[in-house]
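A.B. asks: Sending over a structure as structure tokens; questions will come in a sec.
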Amino acid sequence: MELIAIEMAELTRRSRSILLNHSDLALDRGLDPDERVVLWDSISGDYHSGQVLDVDFTLNDTTYRFDIGIRLPDELALARLTGVTSAGHQITTQQVIELLDSLRADTPVASSSGALRGLAQN
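Residue 30 in full-length UniProt numbering sits at position 30 of the sequence shown; the count goes up by one each step and never skips.
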């Protein structure tokens with residue numbers, strides 16, 4: 001996974017998107033559409049998840065549009081860049097399933113048939 005340094009001005013922060021030229025990035029290779037990256041904001045020092053939304057080619061350069069995702073804690077950004085996670089942060093599939101089950105139990109979900117029955121009673 002690539003680390004890309006950006007300056008996230010207020011407009012960039014609000015739009016959650018940034019356009020960058022390949023020549024301005026210190027990359028050894030080109031990026032592909034939908035590729036995930038780690039973005040580092042040189043103004044705040046924060047790391048963010050990122051994804052290549054679009055790649056445009058011109059005669060002089062390649063331009064990338066990045067989606068700016070969630071803020072990442074330093075250790076998670078490092079784990080994404082190195083591919084190594086600390087033992088304390090490994091989550092099993094079973095833990096994810098249990099979390100999703102508990103969230104589903106806390107949030108009532110109306111089925112379409114239940115919603116129709118409720119309308120018929122009114």
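Glycine included, every Cβ here is placed at the ideal spot set by N, Cα and C. Computed from a prediction, not measured in an experiment: that's the story for all the values here.
Would F57 be called buried (16 or more neighbouring beta carbons within 10 Å of its own) or exposed?
C.D. replies: With fewer than 16 Cβ atoms within 10 Å of its Cβ, F57 is classed as exposed.
A.B. asks: Looking at the secondary structure, which residues open and close the alpha helix (DSSP H) in which L76 lies?
C.D. replies: Segment D74 to T82, the alpha helix (DSSP H) holding L76.
A.B. asks: If you reduce the DSSP assignment to three classes, tell me which class D32 lands in.
C.D. replies: Reduced to three states, the DSSP call for D32 is coil.
A.B. asks: State the DSSP-derived secondary structure class of L59, mapped to helix, strand or coil.
C.D. replies: Three-state DSSP puts L59 in coil, outside helix and strand.
A.B. asks: How far does the alpha helix (DSSP H) with E10 in it reach, from first residue to last?
C.D. replies: Residues E10 to S15.
A.B. asks: From G114 to L99, what distance separates their C-alpha atoms?
C.D. replies: Because G114 sits at a pLDDT of 47, beneath the cut-off of 50, its placement in the model cannot be relied upon, and the following sentence gives the value as read from the coordinates. Straight-line Cα distance between these residues: approximately 25 Å.
A.B. asks: Per DSSP, what kind of secondary structure is D46 in: helix, strand or coil?
C.D. replies: Residue state, collapsed to three classes: coil.
A.B. asks: Taking the Cβ atom as the reference point for each residue, do L20 and Y64 lie within a distance shorter than 8 Å?
C.D. replies: Against a cut-off of 8 Å, the Cβ pair of Y64 and L20 comes out as a contact.
A.B. asks: Residues in its own chain within less than 7 Å of Q90 by CB, not counting five upstream and five downstream?
C.D. replies: Excluding sequence neighbours, Q90 sits near nothing in its chain.
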